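Working notes for the structure below.
2 protein chains.
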Amino acid sequence: MITETKVSLSEQTRERLLAAARVVFSENGFQNATVREICRRAEVNIAAINYHFSSKEALFVATLNFEPLLALCEKTNQGSISAQERLLDFIHEFLRQLLDEKEFSVQCQFMARELAEPSPVLAKIVQEAIAPIHQFVANLVREIVGKKISEEELRRCVFSIFGQCVYYRHAQPVIQRLHPKLRYDQREIEAIAKHIGEFSLAGLKQITQNQCP
Amino acid sequence: MITETKVSLSEQTRERLLAAARVVFSENGFQNATVREICRRAEVNIAAINYHFSSKEALFVATLNFEPLLALCEKTNQGSISAQERLLDFIHEFLRQLLDEKEFSVQCQFMARELAEPSPVLAKIVQEAIAPIHQFVANLVREIVGKKISEEELRRCVFSIFGQCVYYRHAQPVIQRLHPKLRYDQREIEAIAKHIGEFSLAGLKQITQNQCP
DNA sequence: TTTATTTTCAAACAAACGTTTGATACAATC
DNA sequence: GATTGTATCAAACGTTTGTTTGAAAATAAA
Numbered sequence: 591m592i593t594e595t596k597v598s599l600s601e602q603t604r605e606r607l608l609a610a611a612r613v614v615f616s617e618n619g620f621q622n623a624t625v626r627e628i629c630r631r632a633e634v635n636i637a638a639i640n641y642h643f644s645s646k647e648a649l650f651v652a653t654l655n656f657e658p659l660l661a662l663c664e665k666t667n668q669g670s671i672s673a674q675e676r677l678l679d680f681i682h683e684f685l686r687q688l689l690d691e692k693e694f695s696v697q698c699q700f701m702a703r704e705l706a707e708p709s710p711v712l713a714k715i716v717q718e719a720i721a722p723i724h725q726f727v728a729n730l731v732r733e734i735v736g737k738k739i740s741e742e743e744l745r746r747c748v749f750s751i752f753g754q755c756v757y758y759r760h761a762q763p764v765i766q767r768l769h770p771k772l773r774y775d776q777r778e779i780e781a782i783a784k785h786i787g788e789f790s791l792a793g794l795k796q797i798t799q800n801q802c803p
Numbered sequence: 591m592i593t594e595t596k597v598s599l600s601e602q603t604r605e606r607l608l609a610a611a612r613v614v615f616s617e618n619g620f621q622n623a624t625v626r627e628i629c630r631r632a633e634v635n636i637a638a639i640n641y642h643f644s645s646k647e648a649l650f651v652a653t654l655n656f657e658p659l660l661a662l663c664e665k666t667n668q669g670s671i672s673a674q675e676r677l678l679d680f681i682h683e684f685l686r687q688l689l690d691e692k693e694f695s696v697q698c699q700f701m702a703r704e705l706a707e708p709s710p711v712l713a714k715i716v717q718e719a720i721a722p723i724h725q726f727v728a729n730l731v732r733e734i735v736g737k738k739i740s741e742e743e744l745r746r747c748v749f750s751i752f753g754q755c756v757y758y759r760h761a762q763p764v765i766q767r768l769h770p771k772l773r774y775d776q777r778e779i780e781a782i783a784k785h786i787g788e789f790s791l792a793g794l795k796q797i798t799q800n801q802c803p
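Going line by line, the protein sequences match chains H and V. For the first sequence, my numbering begins at 591 and goes up steadily by one. For the second sequence, my numbering begins at 591 and goes up steadily by one.
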């Protein structure tokens with residue numbers, strides 16, 4: 591019988607593997623992360639991954655958790671504030687999940703990596719996480735600009751917003767070399783969110799006016 | 591004596607290697623590109639890379655050519671049109687180099703890959719190509735917004751512009767799954783350039799006004 | 001305690017990678 | 001034609017990768 595009050599040793603190694611995998615995957619991406627480094631940081635034997643998860647890919651899938659990201663959409667959707675303010679809130683929270691290193695949501699950083707380097711489970715990630723939040727932002731933008739712009743133009747607006755946000759994570763190796771002193775502390779994240787929010791709202795307004803002169 | 595009128599066989603394999611390397615590197619990035627595939631597409635022996643270039647990394651360096659990108663900056667700088675129009679021109683040309691598959695400038699696509707996955711020569715790429723065009727756009731933006739915004743805010747404006755552009759290349763694996771029918775033909779590239787240009791000019795205007803109410 | 005099951009471990013495995021080797025073919029010079 | 005330097009080739013090298021193995025240790029069941 592499995593003891594439920596005390597955590598078994600087997601469960602401990604499972605959890606340690608998951609914790610280490612989250613760190614290593616988010617730091618190096620799926621392909622560059624090695625099972626040896628994950629096991630070393632989890633202080634378990636190399637064979638543990640295949641014993642508990644059957645493969646590196648299955649371990650990767652097990653670390654995926656889109657709940658905080660999807661919860662962010664639902665949370666932002668509630669409340670009776672304007673669509674503009676909801677978009678600003680979303681950008682702020684999205685950037686926090688994407689950039690804050692102390693935050694316990696490394697999931698967003700997975701996504702940013704998977705954008706460029708497609709792993710075997712990219713289809714699952716797109717379907718379960720990226721598509722919903724893209725759709726969510728598309729709905730917000732539609733609410734802001736009205737029905738005057740085409741679907742193609744709407745898509746470009748959504749890309750503009752995500753492009754600005756993701757750049758900070760995605761281009762970090764370059765940004766670090768261009769601006770070595772730049773750190774993503776809470777103050778900086780708020781400043782970035784404020785910038786992207788104002789920048790984008792002005793952009794959306796301009797696009798709306800252009801399409802209907 | 592080396593024949594200069596006719597291209598020697600040795601030169602032929604060198605050129606074929608370079609051509610194949612450009613394709614394979616831009617499609618797969620430095621790390622994922624294999625010397626075996628490069629040689630297969632160049633129809634040369636596997637040892638040819640190390641014989642003619644001494645290593646895979648040196649071959650990669652040999653394929654780098656930032657001239658079209660830097661020429662773009664100088665070309666855009668000339669002329670007596672306004673800074674706004676010059677920024678629009680730059681965005682359009684940058685996107686053409688970044689997205690047009692028929693274009694002979696795969697260099698920009700290198701850069702987009704290197705942003706996320708740092709290769710051994712990232713420092714060189716940043717120093718010789720990315721830093722100059724970042725500085726170029728920063729100067730343009732400074733010309734547009736005047737001296738009313740801080741250096742930090744200026745940097746964020748530049749990131750917003752590049753972030754929007756690079757997203758189309760960088761997030762392509764995801765975009766392809768989100769919008770399977772989307773193709774980067776000349777019409778689409780022009781539409782994207784028009785969108786990002788108007789979106790960004792409106793954003794810059796808003797940022798300027800906010801900083802000096 | 002004895003037996004059965006589960007978990008750990010060092011070692012090895014097969015595959016893929018960039019690179020090197022030594023023989024062979026080619027071209028140029030004498 | 002003989003000799004020398006260059007270029008090509010199949011094969012193998014040494015690493016690193018994820019994965020598997022079979023015995024040993026630990027835990028649970030009898």
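Virtual Cβ for every residue (Gly too), placed ideally from N, Cα, C. This one's a predicted model, so the numbers in the text were calculated from it and none came from an experiment.
- For V:Ser790, three-class secondary structure by DSSP: If DSSP states are grouped into helix, strand and coil, V:Ser790 belongs with the helices.
- Query: If we ignore side chains and look at the alpha-carbon of each, how far apart do V:Val614 and H:Ile723 end up?
  - Reply: Taking the Cα positions, V:Val614 is about 33 Å away from H:Ile723.
- Item | Coarse secondary structure for V:Pro770, derived from DSSP in three states | Reduced to three states, the DSSP call for V:Pro770 is coil.
- Query: If you draw a straight line from the alpha carbon of H:Asn791 to that of H:Gln674, how long is it in whole angstroms?
  - Reply: Here residue 791 of chain H is Leu; the residue named in the question, Asn, does not match the sequence. Answer to the nearest angstrom: the Cα atoms are 7 Å apart.
- Query: Taking DSSP as the reference, what is the three-state secondary structure of V:Thr624?
  - Reply: Looking at V:Thr624 - three-state DSSP - the assignment turns out to be coil, as it is neither helix nor strand.
- Query: Cα-Cα, which of H:Glu627, H:Glu633 and H:Phe620 is closest to H:Arg606?
  - Reply: Nearest option by C-alpha distance: H:Glu633.
- Item | Where H:Val764 sits in the DSSP three-state scheme | In this structure, H:Val764 counts as helix in the three-state DSSP scheme.
- When you compare each of H:Ala783, H:Ala638 and H:Arg759 to H:Gly619 by their alpha carbons, which one comes out closest? Closest by alpha carbon: H:Arg759.
- Item | Nearest-angstrom Cβ-Cβ length linking V:Asp690 and V:Tyr774, presumed shorter than 8 Å | Confirmed, Cβ separation roughly 7 Å.
- Straight-line CA distance for V:Thr798 to V:Arg746? Cα to Cα, V:Thr798 sits roughly 13 Å from V:Arg746.
- Item | Same chain only: Cβ atoms within 7 Å of V:Pro803, ignoring 5 sequence neighbours per side | Residue confidence is low: V:Pro803 scores 49 on pLDDT, short of 50, so the model does not pin down where it sits. Its coordinate-derived value is still stated next. Closer than 7 Å at Cβ, skipping near neighbours: no residue.
- Query: Going along chain V in order, which residues have a C-beta closer than 7 Å to the C-beta of H:Tyr774?
  - Reply: Against chain V, a Cβ distance below 7 Å from H:Tyr774 picks out nothing, because the smallest value is about 13 Å.
- With 8 Å as the threshold, decide whether the Cβ of H:Thr798 is near any Cβ in chain V. For H:Thr798, the nearest beta carbon of chain V is not closer than 8 Å to its own beta carbon.
- Query: Which full runs of the beta strand (DSSP E) of 3+ residues lie inside the region 608 to 692 of chain V, going along the chain?
  - Reply: Fully enclosed beta strand (DSSP E) runs of 3 or longer: not present.
- Show which residues of chain V have a CB atom less than 8 Å away from the CB atom of H:Ala783. Neighbours of H:Ala783 in chain V, taken as residues whose beta carbon is under 8 Å from its own, are absent, since the nearest beta carbon is some 10 Å off.
- Item | Closest Cα partner of V:Gly793 within the set V:Glu743, V:Ile779 and V:Thr624 | When only C-alpha atoms are compared, the closest one is V:Glu743.
- Item | chain V contacts made by the region 717 to 730 of chain H, where a contact means CB separation under 7 Å | Here the close residues are Ile720, Ala721 and His724.
- Message: Taking the alpha-carbon of H:Val716 as reference, which of V:Gln766, V:Gln668, V:Arg631 and V:Glu657 has the nearest alpha-carbon?
- Response: Comparing Cα-Cα distances from H:Val716 to each of V:Gln766, V:Gln668, V:Arg631 and V:Glu657, the minimum goes to V:Gln766.
- So, is H:Gln668 buried or exposed, given that buried needs 16 or more other C-beta atoms within 10 angstroms? Its Cβ having fewer than 16 others within 10 Å, H:Gln668 is exposed.
- Item | chain V contact residues for H:Leu768, given Cβ-Cβ distances below 8 Å | Val716, Ile720, Ala721 and His724, listed in chain order.
- How many angstroms separate the CA atom of H:His769 from the CA atom of V:Asn622? Across the structure, H:His769 and V:Asn622 are spaced so that their CA atoms are roughly 28 Å apart.
- Task: Check the Cβ of V:Ala673 against every Cβ in chain H and list those closer than 7 Å, keeping chain order.
- Result: Residues of chain H with a Cβ closer than 7 Å to the Cβ of V:Ala673 do not exist; the shortest Cβ-Cβ separation is about 17 Å.
- Do V:Ile734 and V:Leu685 come within 8 Å of each other at the CB atom, strictly closer than that value? Cβ distance not < 8 Å, so V:Leu685 and V:Ile734 don't count as in contact.
- Roughly how many whole angstroms lie between the Cα atoms of V:Thr624 and V:Gly753? Between the C-alpha atoms of V:Thr624 and V:Gly753 there is a straight-line separation of about 29 Å.
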